[in-house]
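> In the working numbering, the protein residues as written are 5 to 182.
Beta carbons are placed, not taken as given, at the ideal position from N, Cα and C, and that holds for glycine.
Got a structure for you, written out below as C-alpha cells; questions coming shortly.
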Ligand SMILES: [Fe+2]
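Spelled out as C-alpha cells, the structure:
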C-alpha cells in the first residue's frame, strides 16, 4: 500500500465490517440483558448502527468504489473477550449486565478512535461529504459511550462479596456467592 486513498479505503472497510457485525452483536446484547434500561440502550444503538452501516456504504459509493470489508480484528478481540468471559465465568445476570456495559464502552471507545482517524484522512483528501457522514457516526458513538457510562453508575453487582468485612466503602471486583 502506498497512498492515503488506499489507506482510507482499507480503514473504511474495517469500520464497515465492525458496524455490520455490531448490528448482530447489539441485538444479542439486548436479548441477554436483564436490566430493561440496558435492553433499551442496546436496541436503540442497534437501530443507530444500521444507519451507520448505510453511511459508510454511502461513502464508498461517493468515491466510486465497491464497499469491501476487512475483518476488524480490534472488534473481534473485544467480542471474543466478552464471549470467553461468559463461557468461563458463568456470570450471574447482574454481573453479566455490568460486564456488558463495560464491553460496550470499550467498543464505543474503539469506534470513536477509528472514526477520528477516518475523519482526519478524509479531511486531508478533501472528501467533504465523507467527513460529514463520518462525523455523524462519531457523534452517535460519543453519545452511546456517555449513555453507557451513565448506566454503569446505576447498574451495579448485587453482591459486593465483602459483606463479612467492615469496610463498606472499599470496592472490589464482585464475586458470585458460592
Ligand atoms: Fe457504531
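Measuring only from the beta carbon, is residue 141 closer than 7 Å to any heavy atom that is part of ligand 1?
Yes, the beta carbon of residue 141 sits closer than 7 Å to at least one heavy atom of ligand 1.
> Alpha carbon to alpha carbon, how far is residue 131 from residue 35? Give it in angstroms, no decimals.
One C-alpha to the other measures close to 38 Å.
> Among 55, 161 and 117, which residue has its Cα nearest to the Cα of residue 78?
Out of 55, 161 and 117, 117 has the C-alpha closest to the C-alpha of residue 78.
> Considering only residues of the same chain and omitting the five flanking positions on each side of residue 46, which have a CB-CB separation below 7 Å?
30, 33, 34 and 37, listed in sequence order.
> Please list, in chain order, all residues of the same chain as residue 16 whose beta carbon is under 7 Å from its beta carbon, the five residues on each side excluded.
Only 60, 63, 64 and 122 meet the Cβ criterion.
> Starting from residue 18, trace the alpha helix (DSSP H) in both directions and tell me its first and last residue.
Start and end: 8-36.
> Residues in its own chain within less than 7 Å of residue 1 by CB, not counting five upstream and five downstream?
Nothing can be reported for residue 1, as the shown portion of the chain is limited to 5 through 182.
> Any contact of the segment 92-111 with the segment 142-159, i.e. 3+ C-beta pairs under 8 Å?
A contact exists between the segment 92-111 and the segment 142-159.
> I'd like to check one pair, residue 66 with residue 134: are the Cβ atoms closer than 8 Å?
The answer is yes: Cβ separation under 8 Å.
> So, helix, strand or coil for residue 152, using DSSP?
DSSP places residue 152 in helix when its eight states are reduced to three.
> For residue 90 and residue 161, what's the separation of their Cα atoms in angstroms?
So the alpha carbons of these two residues sit roughly 15 Å apart.
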